[in-house]
Structure formats: C-alpha cells, structure tokens
Amino acid sequence: MTEARILVVEDNERNLKLVRDVLEFAGFQVASATTAEQGVALAVGDPPDLVLMDLQLPGMSGTEALRRLRDSTVTRAVPVVAVTAFAMKDDRARALSAGFDGYLEKPISVRDLADQVRSFLPATSSTKEAP
Ligand code: MN
C-alpha cells in the first residue's frame, strides 16, 4: 500500500517542520511549500492526495490558492483543508463556505493530526486494498 501524498503549504518554518515530522512519522509522503504561489505550482505540477493550506500566508492568500486549485482540471478534485490560527468563532464556517473540504485549528495536535488528515482523504486513497 502506498501512503497518501500530502502537500503542506505553511510559511512558518517551525510549524511546517512539526507538521512534516508528524505526517512523515505516520507514513505519509510529504511535500511542502512556504507560499501559496509555490503551493499551487507544486500541486498543479504533481497533484497530491490532499493539501493542508495555511490561511495566513505572505502574498497570495490560502483562499485565493484554493480558488486556483479548483480552477485547474488536474487539482479540481484534490481535497484542500484550511489550517488557521485565527481564534475567531466563525472561521470554520467561513473556511467551509469558501470551499475548503475541512478545517484544522492551530496549534496542530501532534497526537491527532495523522488521524485528522486520514479523515479528510478520499476513502480510496487512505484504505487502498490490493485487487
Ligand atoms: Mn502562516
């Protein structure tokens, strides 16, 4: 079984390292970008199974990046999960109405992250079985 490929878009190096370490330890293949522009380019060039998208990024926002991923035929169906440090009450609803497939709040839970990511993956890529 090939573990799912996750693209993490996060500008904070410490957060990025934490997420990468946790996901790699859980067996995921992880690619990363520190800007939305770079993330969109990577995703379109080699579509991952899921994108974790920080909403607060320098330059292009995570929400604009989502729109571009949805506009591209190769990434249209890739689940994109918003990650935000905003403590505002309606952030979850706002992220979901913007079209994100899910929402994770910072600080990331080291204990729960891998399971959270699996829950957002399409069933076929998280539980791939031999034919
Ligand atoms: Mn950020």
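Take the sequence shown: its position 57, counting from 1, is numbered 59 in the numbering used here, and each next residue is one higher. Think of the CB as a built atom: it goes at the ideal place given N, C-alpha and C, for glycine as much as any other residue.
Counting only the Cα atoms, E39 lies some 9 angstroms from G64. Residue range 15-27 is occupied by the alpha helix (DSSP H) that includes V21. The beta carbons of I8 and L68 sit no closer together than 8 angstroms. Residue pairing by DSSP places S74 opposite no residue, since no beta bridge is assigned to it. With distances taken between CA atoms, T77 lies nearest to L44 out of E26, Q118, D93, L44.
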